[in-house]
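There are 4 protein chains.
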Amino acid sequence: MSHNTFGHLFRVTTWGESHGAALGCVVDGCPPGIPLSEADIQPWLDRRRPGQGKFVTQRQEPDAVRILSGVFGDARTPGQVTTGTPISLMIENLDQRSRDYSEIAQAFRPGHADYAYFAKYGVRDYRGGGRQSARETAARVAAGAIARKVIPHVEIRAAVVQIGPHAVDPARMDWAETLNNPFWCPDAAMVAVWEEHLEKVRKAGSSTGAIVAVEALGVPAGWGAPLYGKLDAELAAGFMSINAAKGVEFGAGFAAAAFSGEENADEMRATRGKDGLDGPEFLANHAGGVMGGISTGQPVTARVAFKPTSSILTPRRTLNEAGEEIELRTKGRHDPCVGIRAVPVVEAMMACGLADAFLRHRAQTGGGAFRPGEPGRR
Amino acid sequence: MSHNTFGHLFRVTTWGESHGAALGCVVDGCPPGIPLSEADIQPWLDRRRPGQGKFVTQRQEPDAVRILSGVFGDARTPGQVTTGTPISLMIENLDQRSRDYSEIAQAFRPGHADYAYFAKYGVRDYRGGGRQSARETAARVAAGAIARKVIPHVEIRAAVVQIGPHAVDPARMDWAETLNNPFWCPDAAMVAVWEEHLEKVRKAGSSTGAIVAVEALGVPAGWGAPLYGKLDAELAAGFMSINAAKGVEFGAGFAAAAFSGEENADEMRATRGKDGLDGPEFLANHAGGVMGGISTGQPVTARVAFKPTSSILTPRRTLNEAGEEIELRTKGRHDPCVGIRAVPVVEAMMACGLADAFLRHRAQTGGGAFRPGEPGRR
Amino acid sequence: MSHNTFGHLFRVTTWGESHGAALGCVVDGCPPGIPLSEADIQPWLDRRRPGQGKFVTQRQEPDAVRILSGVFGDARTPGQVTTGTPISLMIENLDQRSRDYSEIAQAFRPGHADYAYFAKYGVRDYRGGGRQSARETAARVAAGAIARKVIPHVEIRAAVVQIGPHAVDPARMDWAETLNNPFWCPDAAMVAVWEEHLEKVRKAGSSTGAIVAVEALGVPAGWGAPLYGKLDAELAAGFMSINAAKGVEFGAGFAAAAFSGEENADEMRATRGKDGLDGPEFLANHAGGVMGGISTGQPVTARVAFKPTSSILTPRRTLNEAGEEIELRTKGRHDPCVGIRAVPVVEAMMACGLADAFLRHRAQTGGGAFRPGEPGRR
Amino acid sequence: MSHNTFGHLFRVTTWGESHGAALGCVVDGCPPGIPLSEADIQPWLDRRRPGQGKFVTQRQEPDAVRILSGVFGDARTPGQVTTGTPISLMIENLDQRSRDYSEIAQAFRPGHADYAYFAKYGVRDYRGGGRQSARETAARVAAGAIARKVIPHVEIRAAVVQIGPHAVDPARMDWAETLNNPFWCPDAAMVAVWEEHLEKVRKAGSSTGAIVAVEALGVPAGWGAPLYGKLDAELAAGFMSINAAKGVEFGAGFAAAAFSGEENADEMRATRGKDGLDGPEFLANHAGGVMGGISTGQPVTARVAFKPTSSILTPRRTLNEAGEEIELRTKGRHDPCVGIRAVPVVEAMMACGLADAFLRHRAQTGGGAFRPGEPGRR
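Residue numbers (the numbering used here), protein chains in the order written: chain A, 70 to 447; chain B, 70 to 447; chain C, 70 to 447; chain D, 70 to 447.
In structure tokens form, the structure reads like this:
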């Protein structure tokens, strides 16, 4: 219900503005007994940290996370473990460059949420984007690091698969490649193309959109639920809640509209597990690992579209709070392609959504999944 | 939280299976004093009713809705008005054709949720799709009819804009045209193409996907909220909760990934209202009427992708509950293109989501929106 | 959040008015595979059914419950089991005696919610109490019957322990005795006293208050949670949501205010279970089975105070909707002591609250409880 | 849903342990434009601060609150106002006296939540009570200070009305008197009695229970809702969520059980407001300002029972984690009567509950209340 909370049982409430003292989140509902220290969270924050290349904002923030509650350790508890009580995470804002905000203090930047915030609240913190700043995603990434520990057998990975008009060739998709370049690009041949495109965009003071692909491996069958609590519906809300997201699709997604029923059906064959029980082997995954809102045991796959960063140097026509027509250029330290930095955030939202689905599934059914050859509940 | 509830303040809980005695929903949180009788709901149900053409399932259901609670009228209350208490709606299932379900009772139809339900619950009502039946959407449409009355100044309309590979030409888009053909097609020139395509699909016992476009006119600025309760995030969850939905996008959506920042910025000019106050006139609506999760006063526009109906006559490889490999043809009364019947359902989810956003906005701010030229809250 | 829903994972949404076509509820989140038919619910409804004695309202309702969804059975499923989808329950209103409501249609009966409803909604269904009727509790009792099956090892029992000024002697408390008299009185010696008191009250057209005691045996340690989701806080809300409830206490309750710390401490000794593990044996249960919001393995004990029925024959001063001062006698078929009929309702709220707590506990921890002698999570 | 969140629209999520780095809360859903700085919150924290007398714990904490987000001020915004985004509040723990916890690290203190936490989580932070410490209530008081600003026309006041066996004489109740003594005692004649009683208790290393009365003046008619979202049910949950609370009652409460219907009916007469409209004047308030779950415009009155502090010096029998029987004395800095310090906490929970009810009422109805003589919605 809360406007700044996501999740139902694994429940994350985020807070903070770009230029306030700090930002953070409270993770409530985490299972007890999970080893957790700052060292488990920091690496994920480091991955999303800006200031790491010329194509992301130059704001320099250490993004050092502190765990303020919810963990405990003593002589009998080597390291620390979660206690089942709320985990409060805080990241201080240090590099709040003191610049002159007088130009945008009363102007509505086109493509930004400035006007919408004004219309709703009548007041807004315009410094550095305020609540709407991409800095808020640090809290999501921190929460995602905890979520990953709730579902340790699930592997989550994301990549940028399109920047501007330049899409990765699915045939050359190599997840390992994402770590070899600053764009999370899974296609070695595309790196130079993107670099050239982004350099051009950056020099022009412009920006560009992107598409991020994400997948979760190791999700067992049975997570999620009909009908409003569908796994894909919940994940879609999570992805769409990321700044600048404009669309989300699962499996074949929008391409499925052009499919025939024969193409779309993910056929199944038997596969014999180590325990002698039969599980289905799917011959395709157009469903993206979710059918009827419930996971099938296949990889959960999704794609999220991000619009170009709204801050650009070219003057655009707009209004100010007085209702006067003005032209505005948006200066500052900004990403030419916000989609690049979204990669760890998309992963984090996947992790949080799946951890929540796992807990909900365990609540209703006790956990586990029935497999073909088992008697079911009849 | 509940798996079968959507909305937070305008709150709809649906129930029912395809072949049970009835289906329905409870609408809780509706404002009091709204005139409401069955006659306000029935027309919307009639629009989604199957059996109206050869391209939708031939199941014949009157879908007559009964209001069981939450309204009251007496001599001083001409007609009936909502009382603010929960409104229970029920639609009886009448045409539950008694056929032989023995073939699918233990088989997992590919592309259906059969296996996922079995894995999760160990038991499922396989008759006519059970809970997963498209019949469930009747409850959504009924709830949507009430939601429309909560926000009477908002006009909601949807259309099919793509069937299989055949997309409508945006330049020929004419909303009025949707009422002149059985496909909710807004492009007169496309009707014959779709008819031919669907006839071919139907004769082949196949099916096809579709894309539905929806827009809401008259949504004032200020509805929605950062950051998990974003208007587009909530609506996305609503759309994705519809059977067979595989993707959702707002405004420019996935196309925004290829945009430059200049193309994407929705510039603003002043427009003078009747009361002399300035409001922004947007020169484009790539944002789809939502920025930072909050409505801007522009039309809220979205598109939803639907996969092909999973029930097809061509045998597909699959498993049964015993883990045996089988081939399965899915007989029965099915839509070759489930996307067509989704049109009133997409509208209903838009209506429910907006009614909820309206109530939440009114709660936090008292309602209304600040306009340029007004002093705001400072 | 919803005004007419209780529970978080075992989630009950009730609907219906006294004189509408029907009333009922939707139970969402019930685990799958639980045998359930109308025959499992009806006996509990029969227990609360009015018309069974001269000290309860003479309205004659069969209160026959129908399960409209959420269960399934076939040849392989003897009887029916829950499917994990929402269970819709409906009870038709049959004995809506057509009487003249003109006197109260515009008058605010003192002690009733008439004025509060008018002030809030501006409209109300005044027939038979409308939404505020005690008939609504039938839906709770039906839901409670399902909740009991979710936690079959928990035994729940309630009794009336005070009617008017006449309280049961704790030393003579005998739960079995509650079935031997029409007052759920656990003290055989008190039955005649209450009978005489109630007869006097009834003849005077008056009414009287009561206190109901309830306890749940077999609740394992570990259910509930700090700090707002405390088991006793959640149960308190459930009990207070019953019509006419004015107070609730757990364990020693208000008497604990007069205790010293020594009296209040529930000391523990070791008790050796069948499996050789030590569990605590408590030497007292002033805590009422809940400490820090979490169950201790002791019986969960509570008491709920009910005010006298507000409908009485003695004229009372009040206003009508026009703001005029009037005197009003409340005629009709009413209980002189609504607390008597509350017994099965209190039990039902205990059952629903505990089923919800069980599912939430299972979600976060996997279920189970650590016992002294076990290593815990360290 | 979340275990550590209270409220639905005015939503408070608390976090922190007694001996962690800090504690705090996130207040989400607060209306925008409300002037708010630390100076608005600190006085309320100072009221609950321990170390102010010999009858409360001697822990010395400045309890200085910091607002980390959700407010903004600039040249045009004198001071700061809420922005409508989440307000993060933090209070550092400074006086975490490093003492030896080895005695209780593995022992279950009788009357404490030690065993329940162990049983549920298998791990617990035993230092200073951990999450269960009364220090957590500082976060509630801070949130309550904001809630009061959301409903500025409501005046909330609480008092201790019983300590041990010594109850205040209702006839001598004088709210102003509560500020003249360290016990929040509203009866000047009782102060010396309590002082003597507490001195005896303190010297004996014992403790004593208490009852706190609270009332809210200025709550308009119409807040709250049937049936689970009843105002009194929600407030009851809030009060019961406070440490050591064992019971709650509204209006006449448990005493209502002994009432006749005539005594219980709160009769009404007309009262003419300044605007010429008639509002009801109630001749009694046995209902405690709430009927049918909805406020009536009368003062909302409740009483909360607190058990004696569980930490006492007299050895009590108990177990340790190994399952061994031991005797335990609880040393440390503790309140002999935790009920005294509960006064500002009870007020805070009343404030938070009412602010939430106000926002929910405004959502559904637009705010306001119908008065006799007005046409209502018919």
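Ideal Cβ placement from N, Cα and C applies to all residues, glycine included.
- For D/L286, the closest of D/I311, D/V359, D/V230 by C-alpha to C-alpha distance is D/V359.
- Counted as a single uninterrupted DSSP element, the alpha helix (DSSP H) harbouring C/R117 occupies residues 107-117.
- Assigned with DSSP and collapsed to three states, A/M337 falls in strand.
- Taking C-beta atoms as the reference points, A/K269 and B/A325 fail to come closer than 7 angstroms.
- Scanning the stretch 188-256 of chain C from its first residue to its last, the whole beta strand (DSSP E) runs of 3-plus residues come out as 224-232.
- Burial is judged here by how many other beta carbons sit within 10 angstroms of a residue's own beta carbon; D/K376 has at least 16 and is buried.
- Membership of A/F308 in the alpha helix (DSSP H) is indicated by the continuous run 300-309.
- Contacts with chain C (Cβ-Cβ distance below 9 angstroms) from the stretch 431-447 of chain A involve R431, A432, Q433, T434, G435, G436, G445, R446, R447, listed in chain order.
- Close partners of D/E318 in chain C (Cβ separation under 7 angstroms): K315, G316, A374.
- Excluding the 5 residues flanking it on each side, B/V219 has same chain C-beta neighbours closer than 8 angstroms at F79, C99, P100, I103, A424, F427, L428, in chain order.
- Identification of chain D residues near B/G293 by a Cβ-Cβ cut-off of 9 angstroms yields none; the smallest Cβ-Cβ distance measures about 12 angstroms.
- In chain order, R226, P368, V369, T370 place their CB closer than 7 angstroms to the CB of C/E284, counting only its own chain and leaving out the 5 sequence neighbours on each side.
- Nearest Cα to C/F252 within the set C/S87, C/E172, C/I409: C/I409.
- Under the three-state reduction of DSSP, C/D97 is assigned to strand.
- At least one CB of chain D lies nearer than 7 angstroms to the CB of A/P155.
- B/P221 is outside the set of residues whose beta carbon lies under 7 angstroms from a beta carbon in chain D.
- Annotated as proximal: B/I363 and B/G293, with beta-carbon spacing under 7 angstroms.
- Per DSSP, reduced to three states, the secondary structure at C/W84 is strand.
- Counted as a single uninterrupted DSSP element, the stretch harbouring A/I156 is not any alpha helix (DSSP H) but the beta strand (DSSP E) occupying residues 156-161.
- One finds P101, G102, T152, G153 in chain A with Cβ atoms closer than 8 angstroms to the Cβ of D/Y190, taken in chain order.
- Restricting attention to A/F177, A/L267, A/A211, the CA atom closest to the CA of A/A108 is found in A/A211.
- In the three-state reduction of the DSSP assignment, D/R271 falls in the helix class.
- The DSSP-derived three-state label of A/F75 is strand.
- Pairing A/P255 with A/D238 gives a Cβ-Cβ distance that is not under 7 angstroms.
- Residues are counted here when their Cβ sits less than 8 angstroms from a Cβ of chain A; for the stretch 373-400 of chain B these are A374, F375, K376, P377, T378, S379, S380, I381, T383, R385, R386, T387, L388, N389, E390, A391, G392, E393, E394, given in chain order.
- A straight line joining the alpha-carbon of A/Q149 with that of D/V192 spans about 11 angstroms.
- Here the stretch 386-399 of chain A makes contact with the stretch 170-184 of chain A; the two share three or more CB pairs at distances below 8 angstroms.
- Listed in chain order, the non-local C-beta contacts of B/G274 below 7 angstroms within the same chain comprise I381, L382, T383, local neighbours out to five positions each way being set aside.
- Listed as beta-bridge partners of B/R386 by DSSP are B/E396.
- Taken atom to atom, the span from the alpha-carbon of C/G153 to that of B/S71 is near 12 angstroms.
- Straight-line spacing of the CA atoms in C/E336 and D/A185 works out to 14 angstroms.
- Contacts with chain C at 7 angstroms (Cβ-Cβ) do not include B/V288.
- Contact between D/P289 and C/G392 does not hold, since their C-beta atoms are separated by about 17 angstroms, which reaches or exceeds 8 angstroms.
- Annotation for B/F319: the continuous beta strand (DSSP E) segment containing it runs 314-319.
- For C/T277, the pairing in a beta bridge is given by DSSP as D/S329.
- Here DSSP, grouped into helix, strand and coil, assigns B/E443 to coil.
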